[in-house]
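Below is one structure, written out as structure tokens; comments come after it.
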Amino acid sequence: MSEEKQFLLISQLSGEIVEILEFIDKIRGRHQLVIIQPTEPWKEAKDLEEAYSWYERQRTIQEILTRRGVRIVVGLSDIFKR
């Protein structure tokens with residue numbers, strides 16, 4: 001039996017997450033995926049409406065991935081939290 005591994009993925013999570021979900025399905029139960037999201041893209045929006053849209057999309061993506069057992073680290077302050 002192989003030992004459990006932890007995979008790290010650095011991503012802005014701004015595009016489609018289909019490939020990430022497929023990867024999660026392949027490693028599920030044997031390994032863990034941690035996604036490091038170094039940016040908060042809504043802070044770069046041109047107006048409040050665009051910022052809110054970005055924020056809601058990021059929140060939805062994070063909820064989907066968290067339900068699948070993925071740990072998501074947003075920014076440097078979360079890296080050392082467990």
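In terms of my numbering, the sequence shown opens at residue 1 and continues consecutively. Virtual Cβ for every residue (Gly too), placed ideally from N, Cα, C. It should be emphasised that the depicted structure is a prediction, and the values quoted were computed from it without experimental measurement.
Rounded C-alpha distance that separates residue i from residue j
| i | j | result |
| --- | --- | --- |
| Arg71 | Arg30 | 15 angstroms |
| Leu33 | Gly69 | 8 angstroms |
| Arg59 | Ser14 | 11 angstroms |
| Val3 | Ile27 | Going by the sequence as given, residue 3 is Glu instead of Val. In a straight line, the C-alpha of Glu3 is about 12 angstroms away from that of Ile27. |
For residue i, three-class secondary structure by DSSP
| i | result |
| --- | --- |
| Ile36 | strand |
| Ile10 | strand |
Counted within 10 angstroms of its Cβ, other Cβ atoms place residue i as buried (16 or more) or exposed
| i | result |
| --- | --- |
| Ile35 | buried |
| Ile10 | exposed |
Member of the options whose CA lies at the smallest distance from the CA of residue i
| i | options | result |
| --- | --- | --- |
| Leu65 | Leu8, Leu21 and Gln12 | Leu21 |
Endpoints, alpha helix (DSSP H) assigned at residue i
| i | result |
| --- | --- |
| Arg68 | Neither: Arg68 is in no alpha helix (DSSP H) and is coded neither H nor E. |
| Lys26 | Val18 to Ile27 |
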